[in-house]
């Protein structure tokens, strides 16, 4: 019983520590990537996605995890919802992100998800807000 707890604790600790490199990473602006194209970013993979852009994320390794965070270039960010379309699931997962809030998503095997930010139409400062995507392993990303 205690062996099982230690394994899950070690896995949890390694996940937390895998995101410790974030401040050192240079962010990739997905707007630099032409529509319909994709690229594999090395580790650490850090990407900024404008809220009017949907993005395809492809795992490159088993047990891959990404962290999705609401960030703002300047001023206050806005709360928004993201829709996650997983090609291995029949359901769409909706997650509401508060300003500065984040969520962790674990890929199930080697698959692709599509992340679509859903921003309220009345959001006046949505142009300053971004969705930051961090990965603990190399990540395939496309528009």
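Numbering (this note's numbering), first residue to last: 1138 to 1280. Cβ coordinates follow ideal geometry from the N, Cα and C atoms, glycine included.
Residue span of the beta strand (DSSP E) that contains residue i, given as start and end
{"i": "residue 1230", "result": "1229–1234"}
{"i": "residue 1245", "result": "Looking at the DSSP string, residue 1245 is not in any beta strand (DSSP E), and its letter there is neither H nor E."}
{"i": "residue 1199", "result": "Careful: residue 1199 lies outside any beta strand (DSSP E) and carries neither H nor E."}
{"i": "residue 1270", "result": "1266–1272"}
{"i": "residue 1187", "result": "1182–1187"}
{"i": "residue 1279", "result": "1276–1279"}
{"i": "residue 1178", "result": "1175–1178"}
{"i": "residue 1220", "result": "1217–1223"}
Nearest-angstrom beta carbon gap, residue j and residue i [assumed within contact, 8 Å]
{"i": "residue 1188", "j": "residue 1276", "result": "Actually they are not in contact, since the Cβ atoms of residue 1188 and residue 1276 sit about 20 Å apart, beyond 8 Å."}
{"i": "residue 1280", "j": "residue 1170", "result": "5 Å"}
{"i": "residue 1242", "j": "residue 1205", "result": "7 Å"}
{"i": "residue 1199", "j": "residue 1247", "result": "7 Å"}
{"i": "residue 1203", "j": "residue 1221", "result": "Contact doesn't hold; Cβ gap of about 10 Å is too wide."}
{"i": "residue 1215", "j": "residue 1266", "result": "5 Å"}
Identified DSSP bridge partners for residue i
{"i": "residue 1191", "result": "DSSP output for residue 1191 lists no bridge partner at all."}
The region 1182–1197 in contact with the region 1224–1236 per 3-pair CB rule at 8 Å: no
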